[in-house]
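Report on the structure given below.
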Amino acid sequence: MTELNYAAASAEIFLAIATMVVMVAGLFADEEKNPLSHRLSLIVVAITALIAIGDYAVPGTVYALNNSYVLDPMASLLKFFAALVTLATLVYSRQYSNERGMLGGNLSGEFYVLALLSLLGQMVMISGNNFLVIYLGLELMSLSLYALVAMRRDHAISTEAAMKYFVLGALSSGFMLYGMSMIYGATGSLELGKISQVISANSTHHMAMALGLVFMVAGLAFKFSAAPFHMWVPDVYHGAPTSVTLLIGAAPKLAASAIAMRLLVEAMGSLSADWQQMMLVMAVLSLAIGNIVAIAQTNIKRMLAYSTISHMGFMLVGLQSGVFAGSTMESAVSAYSAAMFCGIVYVLTTLGSFAVILLLSRSGFEAEELDDFKGLNQRSPWFAAVMMVLMLSLAGVPPLVGFNAKFAVLQAALAADYLWLVLFAVMASLIGAFYYLRVIKLMYFDEAADPSPISAPVGMRLTLSINGAAILLLGILPGPLMTACVYSISQALAS
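Quick note on this note's numbering: the sequence shown kicks off at 14 and runs consecutively.
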């Protein structure tokens, strides 16, 4: 008899129960005047992060809930960062959302409930060891984000973005579900471990498996924001309220990287020859489209959307470099941990970048155009310096952590004999440096249209300062985070 072991899912169980408490609390307080839901949500997410990091300290892999759920160091580390990023997002978005009527009236507390449900979905995805569990987590996250994009019902651009996101998201979920159904038909199991055993024994119909794999990778590519499934990214990033854009563009990427590891590496590693080719094409397209099209953008949210696409290209380079002729477990761990490190670094950096946009936005004004960053150094030298650090990190300039992330991925690709891909990625990064440096030029060398000093809550200013300092500190001392990623991946592959 398989043990249920609910303790392995303690973080998710706590978060689910606490979300219900926050939902009820929203009925008794006007969030616009009394930030009860906000405070409760911060406490809930902080406790969730502590539970996750506590689980990380426990070595080994635990299977629970009839083997449909797995708790290992990779899951715990990604859950910790997902919770940490969500915590910072809630701090950043409080004033912005309040000024736009997203917290008061009939919407009191809904923003926080949906954000917590989105985090819960991500955590279920990260620990899913069964197709159905992964899909349930995916839909819980996606449906929450669809609703968040549409929260400003009187805002035409947000409504349009929500419709695009919903339609294309439903299509991608359908792709993934159809791929899962074909693989289930070919292997006779929904459990990832059993699927891996059946594939390794060569007792499946290869054509059915390959077709199912194509549909599954297409669905994953949508969640990754990878080309050629990137069409929704700039429109949704632009149309959604910036606080919601931050929820879409940060933590969900960690969940997407986790299910890519679970599905492609752990369950279907024996079919790497099939999915690696698709990853390679998507990586090249993402690097090219993301960096080239970003140059033409005048809206910084759209620019950062294309930046996301290019950075997902780097993650895919790491993922597809793990298996090659003559590869060893050590080389696989090196490649996959580099991809994981790259994903965490990207999420932390983009978190701060959108936070600066929120910082500059005020009631009745959206700081979305590049011109809105003109003369930021005159208005606030400190936050101009923070934004400069974030932009240089995204560009991959040493000694910032973005350089270490890209360098680790390129090292893995070079070890896998992808010299041409390394050269292509370096050229794409050089092109991408232009649009990041353009933001710095506007902040330091152009006159501000509005020279008034920037005002923001103390919590937001403190969190953004810590965010910027973390990017600099991780660049100087990347060892601990990289070691954690290597340990997490080695434990996941060993199980």
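The beta carbon of each residue, even a glycine, is placed where N, CA and C say it ideally should be.
Inset, instruction - Entirely within the segment 69-145 and at least 4 residues each: give me those alpha helix (DSSP H) ranges in chain order. - result: 86-112, 123-140
Legend entry - Whether Ser157 touches Arg165 by CB criterion (7 Å): The residue given as residue 157 occupies position 144 in the sequence shown. The residue given as residue 165 occupies position 152 in the sequence shown. Against a cut-off of 7 Å, the Cβ pair of Arg165 and Ser157 comes out as no contact.
Inset, instruction - May I ask you to report which of helix, strand or coil DSSP gives Asn9? - result: Missing from the structure shown is residue 9; the chain here goes from 14 to 508 and no further.
Inset, instruction - Could you say which of Met292, Gly415, Ser202 lies nearest to Phe228 if we only look at CA atoms? - result: Here residue 228 corresponds to residue number 215 of the sequence shown, with the count starting at 1. Of Met292, Gly415, Ser202, the residue nearest in Cα terms is Met292.
Legend entry - Secondary structure, beta strand (DSSP E): runs of 3+ residues fully inside the segment 240-313: none
Inset, instruction - Leaving aside the five residues before and after Asn390 along the sequence, list all residues of the same chain whose C-beta is less than 7 Å from its C-beta, in chain order. - result: Working through the sequence shown from its first residue, we reach residue 390 at position 377. These residues qualify, in order along the chain: Ala397, Met456, Tyr457.
Legend entry - Per-residue burial, Phe386 [other beta carbons within 10 Å of its own, 16 or more giving buried]: Residue 386 sits at position 373 when you count from the first residue of the sequence shown. Buried, since its Cβ has 16 or more Cβ neighbours within 10 Å.
Legend entry - Nearest-angstrom Cα separation, counted from Leu494 out to Met353: Counted from its first residue, the sequence shown places residue 353 at position 340. Counted from its first residue, the sequence shown places residue 494 at position 481. Computed Cα separation, rounded: 10 Å.
Inset, instruction - Just the C-alpha distance for Ser54 and Val35, rounded to the nearest angstrom, thanks. - result: Sequence index remark: in the sequence shown, residue 54 carries index 41 (1-based). Sequence index remark: in the sequence shown, residue 35 carries index 22 (1-based). One C-alpha to the other measures close to 7 Å.
Legend entry - 7 Å Cβ cutoff met for Ser299 and Met274: Within the sequence shown, numbered from 1, the residue matching residue 299 stands at position 286. Within the sequence shown, numbered from 1, the residue matching residue 274 stands at position 261. Cβ distance not < 7 Å, so Ser299 and Met274 don't count as in contact.
Legend entry - CA-to-CA distance, Leu40 to Leu506, given in whole angstroms: Taking the sequence shown and counting its residues from 1, one reaches residue 506 at position 493. Taking the sequence shown and counting its residues from 1, one reaches residue 40 at position 27. Spanning the two alpha carbons is a distance of roughly 46 Å.
Inset, instruction - Please report how far the alpha carbon of Ala29 lies from the alpha carbon of Ala239, in whole angstroms. - result: Taking the sequence shown and counting its residues from 1, the one referred to as residue 29 is at position 16. Taking the sequence shown and counting its residues from 1, the one referred to as residue 239 is at position 226. Taking the straight line from one Cα to the other gives about 30 Å.
Legend entry - Segments of 4+ residues assigned as alpha helix (DSSP H) that fall wholly inside the segment 19-67: 23-38
Legend entry - Which listed residue (Ala446, Val336, Ser393) has its alpha carbon closest to that of Ala428: Translated into positions along the sequence shown, residue 428 becomes position 415. Minimum Cα distance to Ala428 is reached at Val336.
Legend entry - Backbone CA spacing between Ala2 and Gln210 [nearest angstrom]: This structure leaves residue 2 out entirely; the chain is present only between 14 and 508.
Inset, instruction - Please report the Cβ distance between Leu477 and Ala368, rounded to the nearest whole angstrom; I am assuming they are in contact, meaning their Cβ atoms lie under 8 Å. - result: Translated into the one-based positions of the sequence shown, residue 477 becomes position 464. Translated into the one-based positions of the sequence shown, residue 368 becomes position 355. Contact holds; Cβ gap of about 5 Å.
Inset, instruction - Counting only runs of 4+ residues fully inside the segment 144-182, write out the alpha helix (DSSP H) ranges in chain order. - result: 144-162
Legend entry - CB of Ser185 within 7 Å of CB of Phe235, strictly: Numbered from its first residue, the sequence shown carries residue 185 at position 172. Numbered from its first residue, the sequence shown carries residue 235 at position 222. Contact flag set, yes.
Legend entry - Range of the contiguous alpha helix (DSSP H) that encloses Ile208: By 1-based counting over the sequence shown, the position of residue 208 is 195. First-last of the alpha helix (DSSP H) with Ile208: 205-213.
Inset, instruction - May I ask which residues mark the beginning and end of the alpha helix (DSSP H) holding Gly232? - result: Your numbering for residue 232 matches position 219 in the sequence shown. Element bounds for Gly232: 219-237.
Legend entry - Limits of the alpha helix (DSSP H) - the one that Pro394 falls within: As a working mapping, residue 394 is identified with position 381 in the sequence shown. Residues 394-408.
Inset, instruction - Answer with yes or no whether the minimum CB distance from Ala95 to chain D is below 7 Å. - result: Absence of chain D from the displayed structure is noted, only one protein chain being present.
Inset, instruction - Use the C-beta contact count for Ile308: other C-beta atoms within 10 angstroms, 16 or more gives buried, fewer gives exposed. - result: Within the sequence shown, numbered from 1, the residue matching residue 308 stands at position 295. The residue in question, Ile308, is exposed, as its Cβ has fewer than 16 Cβ neighbours within 10 Å.
Inset, instruction - Quick one: using the 10 Å Cβ neighbour count with 16 as the cut-off for buried, is Met14 buried or exposed? - result: The residue you call residue 14 lines up with position 1 of the sequence shown. For Met14, the predicted structure reports a pLDDT of 33, less than 50, and the residue's modelled location is therefore unreliable. The matter cannot be settled from this model.
Inset, instruction - Compute the distance between the beta-carbons of Leu436 and Ala426, then report whether it is under 7 Å. - result: Within the sequence shown, numbered from 1, the residue matching residue 436 stands at position 423. Within the sequence shown, numbered from 1, the residue matching residue 426 stands at position 413. The answer is no: Cβ separation not under 7 Å.
Inset, instruction - Under the assumption that Leu407 contacts Ser270 (Cβ atoms under 8 Å), give the Cβ distance between them as a whole number of angstroms. - result: Taking the first residue of the sequence shown as 1, we reach residue 407 at position 394. Taking the first residue of the sequence shown as 1, we reach residue 270 at position 257. Actually they are not in contact, since the Cβ atoms of Leu407 and Ser270 sit about 18 Å apart, beyond 8 Å.
Legend entry - Through-space distance from Ala345 to Ala286, alpha-carbon basis: To locate residue 286, count along the sequence shown from 1; it is residue 273. To locate residue 345, count along the sequence shown from 1; it is residue 332. Roughly 14 Å between the two C-alpha positions.
Inset, instruction - Might you give, ordered along the chain, the residues of its own chain that have their beta carbon closer than 8 Å to the beta carbon of Val399, omitting 5 neighbours on each side? - result: The residue labelled residue 399 in the question sits at position 386 within the sequence shown. Closer than 8 Å at Cβ, skipping near neighbours: Gly365, Val369, Leu477, Ser478, Asn480, Gly481.
Legend entry - Where the alpha helix (DSSP H) through Ala462 begins and ends: Working through the sequence shown from its first residue, we reach residue 462 at position 449. From DSSP, Ala462 is part of no alpha helix (DSSP H); its letter is neither H nor E.
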